[in-house]
Ligand SMILES: *Cc1c(COP(=O)(O)O)cnc(C)c1O
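Residue numbers (our numbering): 899 to 1252.
And the structure:
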């Protein structure tokens, strides 16, 4: 056997494929609007480039999770974009968010008070989306506390501190029955908000899977991340069935030869789950080669016929196995496989960015 080293890793991101996924998702969920979820550096794809291209494609809502992500999104987005952040944070970050005109998700009574206080002292009015806990118990107001919460929000609205522009929740999307129960709780929360006198124009509940498959979950706005990046759900319909394609591929080059197989440079695979060995392969030209070991210092691939220094290999992506197919082999989800690709691996972009 021959040992090869593979270096010059890159996560290659095709923004034209991303744009095509956006078109598929948006036409599927229409007339509901898309909120593109860009948390975790746009699922590892690079926030600035993703937001810039989505803006060119006409995306107007972004979901950024934390305030730092929201500020970076604001900087990259087109004028007039709505940026939603939902992590509960302290006064300083609330002030930064309001200054950058960020919409805030509020799923905690004391956070609502903090947001109102900061807004009043800044002489501004905070745009908030109130979160009902529909069963995930992560964050959100419990149904029994919701009527008092929406009345308090209405008082703060009258005082000029906040404007309640939305009501939202997050659901598991792992069982239709559980999701239906959550939707029942959500609808009741919407009725309560109405009767408290809140307009709450923007109503959002679903992420990729339910937005795509179940029209009654879309309301006016759907928060979609994974499918826009071409990451299908583990155990769900395949990419062809959804009409989406992965936008990222992890590539590297062969740099050295030795006995025992092809060694992949540590930078190339740094962060890949080591238990992918035996489940994954690399694609070299028209050939496949099994990933034998993923180690800290080197990763080994079986040699292929005619392999040579400089050969480019693809570890995952559109022309090889997908993040989700790898995830299924080791019982995780596709997002996790992509997020493990080290930030030290440079991102390269194909297609228009600005
Ligand atoms: C991550 C996330 C989403 C998007 O989920 P996908 O399955 O990637 O579409 C939507 N809403 C919230 C609150 C999230 O945290």
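Yeah, the Cβ is synthetic: ideal placement off N, Cα and C, and Gly gets one too.
A Cβ-Cβ contact shorter than 8 Å links residue 975 with residue 960.
Between residue 1147 and residue 1215 a beta carbon distance of about 2 Å is seen, short of the 8 Å cut, so the two are scored as contacting.
The beta-carbon separation of residue 1247 and residue 913, rounded to 6 Å, stays under the 8 Å limit for a contact.
Along the length of the stretch 1071-1127, whole beta strand (DSSP E) runs at least 3 residues long occupy 1100-1102 and 1119-1122, reported in chain order.
Taking every residue with its beta carbon within less than 5 Å of a heavy atom belonging to ligand 1 gives, in chain order, 935, 1068, 1105, 1106, 1121, 1122, 1123 and 1124. A Cβ-Cβ contact shorter than 8 Å links residue 1211 with residue 1152. Cβ-Cβ distances below 8 Å link residue 993 to 1016 and 1020 in the same chain, with the five nearest sequence neighbours on each side left out; the list follows chain order.
When DSSP states are grouped into helix, strand and coil, residue 1044 belongs to the helix group. In the structure shown, the three-state DSSP call for residue 926 is helix. In the DSSP assignment, residue 932 forms a beta bridge with 1120. Counting only the Cα atoms, residue 1141 lies some 41 Å from residue 1045. Apart from sequence neighbours up to five positions away, the residues of its chain that approach residue 919 with a beta-carbon distance below 6 Å are 1126, 1128 and 1142, ordered along the chain.
The continuous stretches of alpha helix (DSSP H) do not include residue 980, which lies in the beta strand (DSSP E) extending over residues 980-983.
For residue 1008, the enclosing alpha helix (DSSP H) begins and ends at 1007-1020. As the crow flies, the alpha-carbon of residue 986 is around 19 Å from that of residue 1055. In this structure, the straight-line span from the alpha carbon of residue 1171 to that of residue 940 is close to 20 Å. Between residue 1180 and residue 1150, the alpha-carbon positions lie close to 10 Å from each other.
If you draw a straight line from the Cα of residue 1093 to the Cα of residue 1060, it is about 18 Å long. The beta carbon of residue 1066 sits closer than 6 Å to those of 1027, 1029 and 1102, all from its chain and outside the five residues before and after it, given in chain order. Residue environment analysis places residue 1229 among the exposed positions, since fewer than 16 neighbouring C-beta atoms fall within 10 angstroms of its C-beta. Around the CB of residue 937, 16 or more other CB atoms lie within 10 Å, so the residue is classed as buried.
Annotated three-state conformation of residue 999 is coil, per DSSP. Around the beta carbon of residue 1040, fewer than 16 other beta carbons sit within 10 angstroms, so the residue counts as exposed. Around the CB of residue 1201, 16 or more other CB atoms lie within 10 Å, so the residue is classed as buried. Distances from the alpha-carbon of residue 1110 to those of 1090, 1095 and 1135 put 1135 closest.
Sequence-distant partners of residue 963 (beyond 5 residues in either direction) whose C-beta falls short of 6 Å from its own C-beta, in its chain, are 937 and 985.
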